[in-house]
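Here the structure comes first, spelled out in structure tokens, and everything after it is commentary.
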Amino acid sequence: MQAISQVTGPILVLEQENIDTDQIIPARFLTSTSFAGIGEHAFADWRFDTNGDAIADHVLNQSRARRSPILVAGHNFGCGSSREHAPRALLGFGFRVVISSQIADIFRNNSQNVGLLPVVLDKDQFASLLQMDGQEITVDLEQCRVLVSAADGGEQSWPFTIDPFARHCLLRGLDRFEFLVQANDAITAYEEGR
Amino acid sequence: MSAPESSPKSLFDKLWNAHLVQAQTEATPAIIYIDLHLVHEVTSPQGFDLLREKGIPVRRPDLTLATLDHSTPTLPAGADGIRPYYTEQARHQVHTLRDNCREFGIELHDWDSPSRGIVHVMGPELGATRPGMTIVCGDSHTSTHGAFGALAFGIGTTEVGHVLATQCLLQTKPKSMRINVAGKLAGGVTAKDLALNIIHYLGMNGGTGYVIEYAGEAVRNLDMESRMTLCNLTIEAGARAGMIAPDATTIEYLRGRPKAPKDAAFETAAESWLQLASDPGAEFDHEINLDGSAIRPTITYGTDPGMSVAIGEPVPPAANESQAKALKYMGFSAGQSLGERKVDVVFIGSCTNGRISDLRAVAKVLHGRHVAGHVRMLVVPGSEDVRKQAEDEGLHETIIKAGAEWRLPGCSMCLAMNGDIVAPGETAVSTSNRNFEGRQGSGSRTLLASPETAAACAVIGHVAGVSELQPLQESR
Ligand code: SF4
């Protein structure tokens, strides 16, 4: 997993609420036995028509989409199926961070496991962010802050909270698996004590 | 954090505490032990790759159980013996699971198993799902198993690898919610209707961060299959897990199941299962009281399972932009009667409503009637066990005679990755669990309902309820 501490770049806004994992990666792309190339199918049903032709004016097909490391998406992002293919597809597409006012439990967990930083912002701050499509911002995991330039030239700094262990692992690019492996004696003791 | 030993505990607290290998700290999550790991072909291959990469075995193959369900075709093999997989990749995925199970010594319910089925149908049928367990699977509807008083939830593929390797999972303790449903459900109102109403009440994200315990008279009165339907749909309100305390209904369901304890061991186990119920005075982070008797047969009209109305009610106005977009996608406008909508496809099946009681309800509606000429109706049993039972009872004959297709067990049209697909623009009334845009095929429009309602829609050919069926002519 690639470490992540600070990400700066333009945001891509998808304002829609309740974007589920079937939208992020439709089920027909789940038959692969590896995650390789999955980013090409991110939001397939939004980006391509039923003939498989790219819908040219869709924001996700604009060249800036691939240059935006930060996805800002409506409330309750990532609900639905537990497919880890969803955060993997977003990573493959080029996002490193997803910001919403609420992120579904399993999706958040999966994101943290694969190195996509899930950020939940306060409603008002999130609402302002929705108006800033294409603008450059910084997400700082070290400080747990989102930094946004204000209209008056100053800088706004919005705090977010994240599970401390997830932060620890993301900052260092640590695989959570190692933490489990280190608990091997405790696991054996638990099994013997049953 | 956790309450002192003597204080009253909830079912969830009891299960959580009993499975703590290592407690949660300020800096680290808890490590919890997993009693049953269910595996299927779609979310497991990269999990097995982790083991090979690290050169480690599956820690507890004896606590791991695999099946083929998601990408499997529901049409039989041809004369050449070749199964009609949707794509070569789907076939490869199934074969990969078979190879992985062989390599790591895991029990797989393959094509030749009399128990193969949708993972959440098969586990309970085998008695592999039992009260007091922790159960995970790389599938969000793992919440189904909570009907037995188990803590059961969906995980991602990385975590599938974690569980295969260590039989443990890193978890931060979720919050707890209890939903009390008082009163009796009216005749013709099913667990599906109850669940759709709960999701409508909570909203698609109202359960986020919670484990939900269902209680109250209406829940107690549900049989096990209905309880599974209710817990199955918990994830659609965003909650991690849903659960119901074990009682006599639970115990009688499990008695004699192949993987349940036998004889005296069963009685001992049953006694301990009854101790799992939430203690009087147990505290929950959130508690909700609903009146079950007020619920009517329900159907969804939007693109999230929370957008539902009682059958006969008009399409409500959109409350926000997302709902407006949903109405547009579905081709509905506010105030319109749902009954105007012609139905193209009816799908009976899935881990929500693919059990024997569901098929009996469908056969009861179809008996002596015929599916409307323009409707394509698929009836897909949730497992081989369900299929056999249905065929023993002759339900399949009623279903076929009515003009519906009788298929082999699998996830089928629930998720459009195995060849069973709703065409763009078509309207499907489905007993499954998700009506998201494109869930049943690109451009498909899904209305979720109970098996009874779906069967009535098939016969009438428009969105309708059971009460709109013409009474059958008395045969003399
Ligand atoms: S029936 Fe549908 S929801 Fe259930 S396991 Fe299969 S795909 Fe998932």
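Protein sequences, first through last, are from chains A and B.
Position 64, counted from 1, in the first sequence is what my numbering calls 64; the numbers after and before it change by one each time, with no gaps.
Position 144, counted from 1, in the second sequence is what my numbering calls 1144; the numbers after and before it change by one each time, with no gaps.
Ideal Cβ placement from N, Cα and C applies to all residues, glycine included.
Residue pairing by DSSP places A:Leu-14 opposite A:Ala-73 in a beta bridge.
In the structure shown, B:Cys-1168 adopts extended strand secondary structure according to DSSP, grouped into three states. Taking a C-beta cut-off of 7 Å against chain B, the contacting residues of the segment 97-121 of chain A are Gln-102, Ala-104, Asp-105, Ile-106, Asn-109, Asn-110, Asn-113, Val-114, listed in chain order. In summary, the residues of the segment 1142-1164 of chain B whose CB is separated from some CB of chain A by less than 9 Å are Thr-1142, Phe-1153, Gly-1154, Ile-1155, Gly-1156, Thr-1157, Thr-1158, Glu-1159, Val-1160, Gly-1161, His-1162, in the order they occur in the chain. Taking the Cβ of B:Asp-1139 as the reference point, at least one heavy atom of ligand 1 falls within a distance shorter than 6 Å. Nearest to B:Gly-1149 by C-alpha distance, out of B:Gly-1419, B:Asn-1205, B:Ala-1215, B:His-1095, is B:Ala-1215.
Residue environment analysis places B:Pro-1174 among the buried positions, since at least 16 neighbouring C-beta atoms fall within 10 angstroms of its C-beta. Annotation for B:Ile-1118 indicates a beta carbon within 6 Å of some heavy atom of ligand 1. Beta bridge pairing from DSSP links A:Trp-158 with A:Val-146. Taking the Cβ of A:Cys-79 as the reference point, every heavy atom of ligand 1 lies at 6 Å or farther away. Taking C-beta atoms as the reference points, B:Ser-1143 and B:Gly-1242 count as a pair closer than 7 Å. Taken atom to atom, the span from the alpha-carbon of A:Asp-140 to that of B:Ile-1244 is near 42 Å. Closer than 7 Å at the C-beta level to chain A, one finds no residue of the segment 1278-1301 of chain B. Taking 7 Å as the cut-off, the beta carbon of A:Phe-43 is found closer than this to the beta carbon of A:Leu-60. Secondary structure at B:Gly-1339: helix, using DSSP grouped into helix, strand and coil. Taking one beta carbon from each stretch, the segment 1054-1070 of chain B and the segment 1116-1123 of chain B have 3 or more pairs nearer than 8 Å; the two touch.
Non-local beta-carbon contacts of A:Pro-164 in its own chain, meaning distances under 7 Å to residues more than five positions away in sequence, are absent. Rounded to the nearest angstrom, the Cβ distance from B:Val-1379 to B:Glu-1405 is 7 Å, consistent with a contact under 8 Å. Taking every protein chain shown into account, the CB of B:His-1200 has 16 or more other CB atoms within 10 angstroms, so this residue is buried. In this structure, B:Ala-1282 sits away from B:Thr-1298, with a CB-CB distance that is not shorter than 7 Å.
Judged by DSSP in its simplified three-state form, B:Gln-1389 adopts helix.
Of all C-beta pairs linking the segment 1044-1064 of chain B to the segment 1380-1399 of chain B, fewer than three are shorter than 8 Å, placing the two stretches out of contact. Neighbourhood of A:Leu-129 in chain B, by CB distance below 8 Å: empty, with the nearest CB roughly 17 Å away. A check of alpha carbon separations from B:Leu-1011 across B:Glu-1426, B:Asp-1385, B:Phe-1266, B:Pro-1246 identifies B:Pro-1246 as the nearest. Taking the C-beta atoms as reference points, B:Pro-1061 is found no nearer than 7 Å to B:Thr-1096.
Looking only at A:Asp-124, A:Phe-107, A:Ser-128, the smallest Cα-Cα distance to B:Thr-1158 is reached by A:Phe-107. Here the segment 1312-1326 of chain B makes no contact with the segment 1201-1214 of chain B; the two share fewer than three CB pairs at distances below 8 Å.
In the three-state reduction of the DSSP assignment, A:Pro-118 falls in the strand class, which pools E and B.
For B:Lys-1175, the uninterrupted beta strand (DSSP E) segment begins and ends at 1175-1182. Around the beta carbon of B:Trp-1111, a 10 Å sphere encloses fewer than 16 other beta carbons of the protein chains shown; the residue is thus reported as exposed. Assignment of beta-bridge partners to B:Trp-1406 by DSSP yields B:Val-1379. Ligand 1 approaches B:Ser-1350 closely enough that one of its heavy atoms is under 6 Å from the residue's Cβ. In terms of CA proximity to B:Ala-1372, B:Val-1459 leads the group B:Val-1459, B:Ile-1198, B:Gly-1132, B:Ala-1390. When DSSP reads this structure, B:Asn-1289 sits in a beta bridge with B:Asn-1180.
For B:Ser-1308, DSSP records a beta bridge to B:Thr-1300.
In the same chain as B:Gln-1093, and ignoring 5 residues on each side of it, the C-beta atoms closer than 6 Å to its own belong to Glu-1041, Ser-1071, in chain order.
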